[in-house]
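Right, one structure below, let's go through it.
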Amino acid sequence: MNTTMNKTRLNKKFYNRELLTVAIELLGNILVKKDGNKILAGRIVEVEAYNGDTDSAAHTFTGKTKRNEVMFNEGGLLYVYFTYGAHHCCNVVTGIEGKGTAVLIRAVEPSEGIDTMIQNRFKRELFNAKEIFNLTSGPGKVCSAFSIIKNHSGIDLTGNKIYLVKSKLKKHEKIGVSKRIGITRSVDLPWRFFIEDNPYLSRK
DNA sequence: CCACGGATTGGCT
DNA sequence: GCCAATCCGTGGA
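Quick note on our numbering: the first sequence kicks off at 164 and runs consecutively.
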């Protein structure tokens, strides 16, 4: 049987805590999407935190709009946005209701439903073994592989469609910290967190 | 109504 | 390493 059913999910209590704590503790847990019988799953290996209260790089910094309103809700919801005319990115809403805080999932290590992910992303077979490291190593790639689009924005992550399953970091794994990638404001905040030396990171 | 540019990616040089 | 693709959310007129 698969490895992701009948395991403990992250609950509301987990999500409704301070942003950076949740961002760091999300590392190692498993993102799961269920489409009928089909399960897609991957361990979160890279995230970034965004805080609309203090952080001018956050979508929510300039206030509530139709696009970002999900981010102002209580923790435990999925926030999906569309960018560069091409890509979706998914976030875990967290922190305090009304602040507009969320954690961007930047990369996962695929663990289940990998054939489906390959089809979703490349519409073909892999050319070579190394290409697996290009499957979910970036926020747009994760959404492509999991077929997560903005219609999924607002989904409750404690529900049955898209959810997170508890999983601990391995003993040898260490958490790395860096500045966030691809932004033009608040560029110096050290709010990117990742599992050091994991081969599925968006950057080495 | 219109113009701008982005929490990215992949293809080409 | 550089840059175009591509579209829609956002903000100003």
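Built from N, CA and C at the ideal position, the CB exists for glycine as well. All values derive from a computational prediction rather than experimental measurement.
**Request:** May I ask you to report which of helix, strand or coil DSSP gives ASN214?
**Result:** Correct three-state label for ASN214: strand.
**Request:** Express the C-alpha separation of LYS201 and PHE296 in angstroms, rounding to a whole number.
**Result:** Here the C-alpha atom of PHE296 lies approximately 22 Å from the C-alpha atom of LYS201.
**Message:** Is it buried or exposed, PHE290, if we count other Cβ atoms within 10 angstroms and call 16 or more buried?
**Reply:** The residue in question, PHE290, is exposed, as its Cβ has fewer than 16 Cβ neighbours within 10 Å.
**Request:** Could you name each continuous beta strand (DSSP E) segment of 3 residues or more that falls completely within the stretch 302 to 348, going from the start of the chain to the end?
**Result:** With a minimum length of 3 residues, the continuous beta strand (DSSP E) runs that stay inside the stretch 302 to 348 are 325 to 328, 338 to 341.
**Request:** Just the C-alpha distance for ARG284 and HIS315, rounded to the nearest angstrom, thanks.
**Result:** The alpha-carbon atoms of ARG284 and HIS315 are separated by roughly 18 Å.
**Prompt:** How should LYS196 be labelled, buried or exposed, when 16 other C-beta atoms within 10 angstroms of its C-beta is the threshold for buried?
**Reply:** By the neighbour-count rule (16 or more Cβ atoms within 10 Å), LYS196 is buried.
**Message:** Can you check which of these residues, THR223, THR257, THR246, is closest to GLU237 by C-alpha distance?
**Reply:** The shortest C-alpha separation from GLU237 is found at THR257.
**Message:** I'd like to confirm something about PRO353: is its beta-carbon nearer than 7 Å to some heavy atom of the ligand ZN, or not?
**Reply:** Because no ligand of any kind appears in the structure shown, any question about the ligand ZN cannot be addressed here.
**Prompt:** Taking Cβ positions, are GLU209 and ALA265 nearer each other than 8 Å?
**Reply:** Not in contact: GLU209 and ALA265 (Cβ atoms no closer than 8 Å).
**Asked** If HIS105 and GLY303 are in contact, beta carbons under 8 Å, what's the gap, nearest whole angstrom?
**Response** This structure cannot speak to residue 105, because the chain is shown only from 164 to 367.
**Request:** May I ask you to report which of helix, strand or coil DSSP gives ILE259?
**Result:** Three-state result, ILE259: coil.
**Prompt:** For ARG230, which beta-bridge partners are listed by DSSP?
**Reply:** According to DSSP, which records beta bridges pairwise, ARG230 is partnered with nothing at all.
**Asked** Mapping DSSP to helix, strand and coil, what is TYR178?
**Response** Residue state, collapsed to three classes: helix.
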